[in-house]
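Quick note, the sequences are listed as chains A and B, same order. Quick note: the first sequence, position 186, residue 186 per this note's numbering, numbers continuous. Quick note: the second sequence, position 252, residue 252 per this note's numbering, numbers continuous. The beta carbon of each residue, even a glycine, is placed where N, CA and C say it ideally should be. Computed from a predicted model, the values in this text were never measured in an experiment. Below you'll find the structure, written out as structure tokens, and then a few comments.
2 protein chains.
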Amino acid sequence: MAQKTVRIRDVAREAGVSTATVSRALSNPDLLTESTRKAVEDAVRITGYRVNHAARNLRMQRAGAVLVLVPNLGNPFFSTILAAISESFAGTDTSVLIADTASGGRELTGYFLDGRIDGMISLDGGLAQSDLAAFDSAGVAERIVFACEWVDGSTLPSVRSDNEEGARLAVQHLHDLGHRDIAHVTGPAGNVLTKARRAGMLAERARLGLPSRDDWIIRGDFSLASGRDAANRIIAMKDRPSAVFCASDQVAFALMSTLMEAGVRVPEDISVIGFDDIELSKVYTPSLTTIRQDRHALGCRAAQLLLEQIAAAGDPLAPAAPDRVEMVGVELVTRQSTAAPG
Amino acid sequence: MAQKTVRIRDVAREAGVSTATVSRALSNPDLLTESTRKAVEDAVRITGYRVNHAARNLRMQRAGAVLVLVPNLGNPFFSTILAAISESFAGTDTSVLIADTASGGRELTGYFLDGRIDGMISLDGGLAQSDLAAFDSAGVAERIVFACEWVDGSTLPSVRSDNEEGARLAVQHLHDLGHRDIAHVTGPAGNVLTKARRAGMLAERARLGLPSRDDWIIRGDFSLASGRDAANRIIAMKDRPSAVFCASDQVAFALMSTLMEAGVRVPEDISVIGFDDIELSKVYTPSLTTIRQDRHALGCRAAQLLLEQIAAAGDPLAPAAPDRVEMVGVELVTRQSTAAPG
DNA sequence: CCCTTGCATGTAAACGATTACATGGATAGT
DNA sequence: ACTATCCATGTAATCGTTTACATGCAAGGG
């Protein structure tokens with residue numbers, strides 16, 4: 001049987017003080033005399049008291065939880081970010097809820113309105129306009145932070161990788177190897193990452209005076225299936241590009257797989273470069289040259305930003321949140337999937 | 001600004017009834033007259049009332065959340081299971097917390113004792129004995145369910161794949177192709193899956209009269225690194241096995257990668273079969289023959305079981321939980337990584 | 001016509017913490 | 001020595017629900 005739940009009142013009786021004093025001993029120890037604080041600490045130890053979060057949260061008008069919105073839990077790219085976020089909240093008596101936007105067609109503002117969460121980190125920049133509007137009118141917009149992705153034209157704070165720079169590095173690397181005919185498999189239409197990476201790619205290609213062909217920009221959506229489709233498109237081309245820059249590692253895997261099945265060798269016939277640097281990229285055959293995102297930093301900074309935003313939202317002096325965008329650096333990781341054109 | 005929070009009292013006033021009636025209208029509508037229920041519903045709509053979960057949970061002595069313990073969020077194997085669990089709880093006004101056992105060295109019973117969670121699904125069978133003892137003495141053991149993994153010798157309910165059968169199918173498949181010299185890369189020492197899969201493998205190998213050599217059982221730990229190590233061990237062997245059964249798909253990827261780098265072809269020189277059937281297995285090159293686990297079913301059943309356990313724990317008539325173990329079937333998926341020996 | 005029964009609703013006491021305000025004793029300033 | 005100040009602690013209201021118990025009305029049985 002569960003031992004009788006011990007309340008703050010029991011601790012107070014044991015220590016010979018009032019409940020207020022016990023509460024203070026726990027949250028503001030410096031307000032108390034050394035001796036009473038010690039007495040309370042002993043009483044806590046003796047009784048085995050644990051604070052009841054539901055009660056505390058009710059009284060303090062907070063939820064004690066934040067929500068992390070993930071576009072696709074199945075994509076291992078997000079795991080490290082989630083771990084970093086969880087870790088960051090570990091000390092704060094705030095729990096971390098994780099939801100997949102794909103599976104959950106739930107009404108997001110509800111989480112706020114029900115007092116289930118104090119804030120939200122969205123790794124999904126594709127939230128419906130209606131959701132954003134609802135956040136605004138519910139007055140909870142200031143307790144939302146974006147990470148990795150963001151919403152164009154919104155002023156909500158965000159942490160993101162330098163996607164343009166990543167795309168630039170990718171093209172530059174291929175160019176350095178001697179490639180001139182570079183294709184690009186994009187992310188899904190409308191996605192902010194798609195836009196940023198394609199823009200960076202086009203800019204660098206132009207800067208280097210490389211040829212540009214419309215059919216070398218192949219629409220994808222970060223999924224394995226889209227990598228396969230892109231490969232088939234390339235296989236069917238009369239003059240194939242000598243290198244392909246994929247918008248994500250997952251896409252690159254499926255692309256390489258399909259190419260090689262068709263007898264197109266990687267990197268001998270076509271070089272492939274990805275984006276993300278997930279764990280498997282090192283282990284794929286051939287191992288994948290890619291742009292590394294600092295997922296740990298992304299997660300940590302997002303968590304920290306959210307904590308600040310929540311604190312600010314509670315404060316009376318609105319700090320008029322400056323348009324906060326934090327850029328996290330990216331890095332080229334050279335492996336076997338890229339080489340000089342045959 | 002956040003609109004003034006509307007309480008149940010406001011709804012009551014609007015509807016011209018008492019708070020009790022409003023509460024009943026929300027949770028036990030049939031207790032009320034058609035007309036008053038309708039009046040309350042209208043009032044709710046007009047005021048935009050949302051129940052405050054912290055208050056409700058406090059009063060009802062529940063947490064409104066469950067915890068899912070994952071051995072390694074980075075392994076995409078777990079994603080579908082998590083999604084299935086989340087989905088199962090979607091209707092129940094219970095939130096789902098996800099924690100990685102690796103990153104969080106936190107004290108697990110604390111979650112229960114703090115009233116932060118009502119129950120737990122552990123995908124990790126490697127919980128410390130001290131934790132299990134703590135659960136027991138805290139009286140929360142009956143609100144724990146295991147999925148995928150389990151704890152040997154414990155009576156806690158669990159949902160699991162038929163791992164022995166999976167191993168059997170793998171060996172049988174290789175045997176059908178003509179293989180006789182079959183190696184096995186195991187999971188981590190002490191893990192229940194390791195034991196089950198190895199046992200199934202050994203049993204079937206014996207049944208078919210296949211040769212057994214000690215150095216063909218290679219210790220791994222489900223990680224990419226261990227797949228690489230295993231491959232190096234195999235490469236160094238004087239007489240290599242003609243086929244390798246890996247305890248997980250991830251291990252198989254790293255193993256194949258390292259083999260092929262060393263010029264050992266898969267499947268021409270060595271066939272490789274995995275376990276799990278994660279999304280990437282279809283897309284690796286060569287695509288991976290493997291044992292499919294029904295991850296969706298595993299997640300759904302675990303969630304359901306936990307709900308039942310929680311309900312039972314509240315009930316006065318202890319249903320003396322029968323030793324509940326649910327077996328989920330597995331299936332052989334044949335792809336390119338296995339073939340008749342050269 | 002009265003008494004019992006039952007049903008729909010109201011009243012108010014929990015749930016377990018935090019915290020504004022009150023209190024009283026010690027210290028210091030004049 | 002008297003009062004103003006300050007600091008440590010206690011008292012009690014409060015957070016927003018749910019629910020045991022009380023109430024009063026309608027119906028039905030004798």
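Among residues of its own chain, excluding the 5 on either side of residue i, which ones have a beta-carbon nearer than 8 Å to its beta-carbon?
i         : result
B/Leu-32  : Thr-21, Arg-24, Ala-25 and Val-40
A/Ala-2   : Only weak support is given to the placement of A/Ala-2: the predicted model assigns it a pLDDT of 45, under 50, and the value that follows is read from those uncertain coordinates. For A/Ala-2, where only same-chain residues beyond five positions count, there are no Cβ hits under 8 Å.
B/Thr-194 : Thr-186, Gly-187, Pro-188 and Ala-247
A/Ala-99  : Leu-67, Val-68, Leu-69, Val-70 and Arg-106
A/Gln-309 : Gly-119, Glu-142, Arg-143, Ile-144, Val-145, Pro-157 and Ala-321
B/Ser-271 : Leu-174, Leu-177, His-179, Ser-242, Ala-243, Val-244, Thr-289, Ser-337, Thr-338, Ala-339 and Pro-341
B/Asp-239 : Asp-181
A/Arg-228 : Ala-254, Leu-255, Ser-257 and Thr-258
A/Ser-287 : Ser-281, Arg-335, Gln-336 and Ser-337
Any idea what DSSP makes of residue i, helix, strand or coil?
i         : result
A/Ser-88  : helix
A/Gly-209 : coil
A/Met-60  : helix
B/Leu-69  : strand
B/Leu-298 : helix
B/Val-11  : helix
B/Ala-189 : coil
B/Met-120 : strand
A/Val-22  : helix
A/Ala-183 : strand
A/Ile-217 : strand
A/Ser-95  : strand
B/Tyr-49  : coil
B/Ser-226 : helix
A/Ala-231 : helix
B/Pro-29  : helix
B/Arg-265 : coil
B/Leu-174 : helix
A/Glu-107 : coil
B/Lys-38  : helix
A/Val-17  : coil
Would you mind giving the Cβ-Cβ distance between residue i and residue j, rounded to the nearest angstrom? I have them listed as a contact below 8 Å.
i         : j         : result
B/Gly-115 : B/Ala-63  : 5 Å
A/Val-145 : A/Leu-305 : 5 Å
B/Val-343 : B/Leu-123 : Outside the shown range of chain B (1 to 342) lies residue 343 of chain B, about which nothing can therefore be said.
B/Thr-36  : B/Val-17  : 6 Å
A/Arg-168 : A/His-184 : About 12 Å separates the two Cβ atoms, so there is no contact after all.
B/Thr-109 : B/Ala-128 : Contact flag wrong, Cβ pair sits at about 11 Å.
B/Leu-97  : A/Ser-95  : 5 Å
B/Gly-166 : B/Ile-291 : 4 Å
Only counting the same chain, and skipping five residues up and downstream in sequence, which positions put a Cβ closer than 6 Å to that of residue i?
i         : result
A/Thr-289 : Ile-273, Thr-334, Arg-335, Ser-337 and Thr-338
B/Leu-208 : His-175
A/Met-327 : Asp-162
B/Val-325 : Ser-158
B/Ala-302 : Ile-121, Val-145, Ala-147 and Val-159
If you drop the 5 nearest sequence neighbours on each side, which residues of the same chain put their C-beta closer than 7 Å to that of residue i?
i         : result
A/Ala-43  : Val-11, Glu-14 and Ala-15
A/Met-347 : Limits of chain A in this structure are 1 at one end and 342 at the other, which puts residue 347 of chain A out of reach.
A/Asn-232 : Thr-258
Residues of chain A with a CB under 8 Å from the CB of residue i: which are they?
i         : result
B/Met-260 : Thr-285
B/Met-120 : Under the 8 Å cutoff, chain A gives no residues; its nearest Cβ is about 13 Å from B/Met-120.
What residues of chain A sit near residue i, judged by a beta carbon separation below 9 Å?
i         : result
B/Val-96  : Leu-97, Ile-98 and Ala-99
B/Leu-288 : Within chain A, no residue comes near B/Leu-288; the closest Cβ sits about 11 Å away, beyond 9 Å.
B/Arg-50  : Gly-110, Leu-113, Asp-114 and Gly-115
B/Ala-63  : His-53 and Ala-54
Bridge partners for residue i per DSSP, in chain order?
i         : result
B/Glu-326 : B/Val-159
B/Met-256 : Bridge partners of B/Met-256: none, in fact.
B/Val-272 : B/Val-244
A/Asp-100 : A/Val-70
A/Gln-293 : A/Val-330
A/Phe-146 : A/Ser-122 and A/Ser-158
A/Ser-281 : In the DSSP output, where bridge partners are listed per residue, A/Ser-281 has none listed.
Quick one: list the residues of chain B neighbouring residue i, beta-carbon separation under 9 Å, in chain order.
i         : result
A/Thr-80  : Leu-73 and Gly-74
A/Asp-269 : By Cβ distance, chain B contributes nothing, its closest Cβ being about 14 Å from A/Asp-269, past 9 Å.
If the cut is a Cβ gap below 7 Å, which residues of chain A does residue i touch?
i         : result
B/Arg-116 : His-53 and Ser-95
B/Asn-57  : Ala-54
B/Met-256 : Thr-285
Which residues in chain B have a C-beta closer than 7 Å to the C-beta of residue i? List them in chain order.
i         : result
A/Leu-224 : Glu-279 and Val-283
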